[in-house]
């Protein structure tokens, strides 16, 4: 996928570096991989071996946070595929997952005002 301009200028949501195990599911298939970074609007993950997804393909992301009980789950679509990494755009997320994600972003940005602006931009 080709885009123009500086990606940092286009990006409205602060990304946080977060290394965590996760799973990409598409129908009956699932792929274990690693999360690279996360925002309120999407995720960047290591491209798993044998994964052959396409731009705009719908998937489910299941991200494990620390212990195996706490997770962020979202329905997402492939935004871009790069060398060794896949960018996903969050389409829908349940209340429990967005609560975990919000807290994670808040802890990592240290700026509650910035977080509120990003949440307002989602509306």
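In the numbering used here, the protein residues as written are 114 to 236. Using N, Cα and C, we set each Cβ at its ideal position, and we do this for glycine too.
Integer Cβ distance of residue 198 from residue 157, believed to fall under 8 Å: Their Cβ separation, rounded to whole angstroms, is 6 Å, which keeps residue 198 and residue 157 in contact under 8 Å.
Assuming residue 212 is part of the alpha helix (DSSP H), what are its boundary residues? Counting along the chain, residue 212 sits inside the alpha helix (DSSP H) bounded by residues 208-222.
Go ahead and pull the three-state DSSP assignment for residue 134. Note: residue 134 maps to strand in three-state DSSP.
In terms of alpha-carbon separation, which member of 136, 182, 212 and 129 lies closest to residue 161? Shortest Cα-Cα distance from residue 161 to any of 136, 182, 212 and 129 involves 136.
Roughly how many whole angstroms lie between the Cα atoms of residue 184 and residue 142? Counting only the Cα atoms, residue 142 lies some 19 Å from residue 184.
Can you look up residue 139 in the DSSP assignment and give me helix, strand or coil? DSSP places residue 139 within a strand segment (E or B) once states are collapsed to three.
What's the gap between the Cα of residue 159 and the Cα of residue 146? Roughly 6 Å separates the two Cα atoms.
Rounded to a whole number of angstroms, what is the C-alpha to C-alpha distance between residue 176 and residue 218? Those two C-alpha atoms are separated by around 14 Å.
Proximity below 8 Å, CB of residue 214 to CB of residue 153: Contact flag set, yes.
Check whether the Cβ atoms of residue 139 and residue 188 lie closer than 8 Å to each other. The beta carbons of residue 139 and residue 188 sit no closer together than 8 Å.
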